[in-house]
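Numbering (the numbering used here), first residue to last: 5 to 275.
We put the beta carbon where it would ideally sit given N, CA and C, even for glycine.
From a predicted model like this one, the values you see are computed outputs, not experimental measurements.
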Amino acid sequence: RLADATAIADTVAEPAVTANACWVSGSAAMYTGDLPNAIATFEQGLAALAPGRDLPTRLDLLLSYSIAAGLVGDEERATACHSESLRITEPAGECFHRAYALWALGLFAMQQGDHRRAADLHRQSVRLRRGVRDLTGLGWSLESLAWAEAALGHPERAATLLGAADKLWEIMGRPLRTYQHLYPYHEECERSTQQRLGGRRFQAAFEQGRAMSVDDAIADALDEHPAAVPQAPAPAAPVLTRREREVADFIAEGLSNREIAARLVISVRTA
């Protein structure tokens, strides 16, 4: 499928299409552990995009580029990617890509041996993911926080986090083993934690994590009591009108105000 898509992309003079094809191709290389090829492909994708254009694709490329660069120990490129991601997302109050940027920086800190900083960065990413309910991203944050906690000498906490993450992988249908560039960290965490706790204590802590709700897992990761997690009151009536829901759906598809206005035959100001 990737080969077919790339062949089509080569016939279209559209930078966004080229950049997206590079992101998918680079991700395929990264997931199999071919980090040098992944880095070169992500660089090609970023070079295809003009500054300030197609920001979602640029942020996806920056995230993947920073992970690959961090895993090979390239501090300069990993830090540059993270800084650019924050320059784009922070002024807009954006949370989804910023959470991934913080998580990726945490991976780099862990790879450099700074496990305390890694744990702090992963917790920051959990706080941002709470608001957007990104379950796949939350799975990564909890999983990676477990790796940091194990390295810091907290095996029971690590086992609980592994269990909470495992439940999310099951919900999302994403076996962790398919991510070969990161799976060895999971294996090492599981091995060292079982060795310290013993099989019975490890399994008890792991199952405790699996039994948690999403909100309880977040609260546990952030050292909060589950009851302290704010609960939004149920609205007495629908929050959005029918037309507002239509606009919201178009926003979710990535349409601009002008494109939404054209679809609904309304003015840009109204959209």
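Could you tell me whether the Cβ atoms of Ile43 and Ala82 are closer together than 8 Å?
Not closer than 8 Å, so no.
Check whether the Cβ atoms of Val136 and Cys99 lie closer than 8 Å to each other.
Closer than 8 Å, so yes.
If you drop the 5 nearest sequence neighbours on each side, which residues of the same chain put their C-beta closer than 7 Å to that of Ala152?
Within the same chain, Ala152 has close Cβ partners Met114, His119, Ala122, Ala123 and His126.
Over the uninterrupted alpha helix (DSSP H) stretch that includes Gly202, give me the two end residues.
From DSSP, Gly202 is part of no alpha helix (DSSP H); its letter is neither H nor E.
At the level of alpha carbons, what is the spacing between Val233 and Arg161?
Note that Val233 scores 47 on pLDDT, short of 50, meaning its location in the model is unreliable and no value can be drawn from it.
Could you give the distance in angstroms between the alpha-carbon of Thr45 and the alpha-carbon of Cys26?
Going by the C-alpha atoms only, they are around 6 Å apart.
Closest to Leu59 by C-alpha separation, out of Leu156, Gly202, Met34 and Val21, would be which residue?
The residue with the shortest Cα to Cα distance from Leu59 is Val21.
Among Met176, Asp170 and Glu211, which one has its Cα closest to the Cα of Tyr187?
Considering only alpha carbons, the answer is Asp170.
Using DSSP with H/G/I as helix, E/B as strand and the rest coil, what is Val16?
Reduced to three states, the DSSP call for Val16 is coil.
Beta-carbon within less than 7 Å of Met176's beta-carbon, same chain only, minus the 5 sequence neighbours each way: which residues are those?
Correct list, in chain order: Leu139, Thr140 and Gly143.
Can you list, in chain order, the residues of its chain with a C-beta nearer than 7 Å to that of Ile12? Leave out the 5 residues immediately preceding and following it.
Cβ neighbours of Ile12 beyond the five flanking positions: none.
Do the CB positions of Pro95 and Leu53 come within less than 8 Å of each other?
Contact: no.
Give a yes or no on whether the C-beta atoms belonging to Ala105 and Ser89 are separated by under 8 Å.
Yes.
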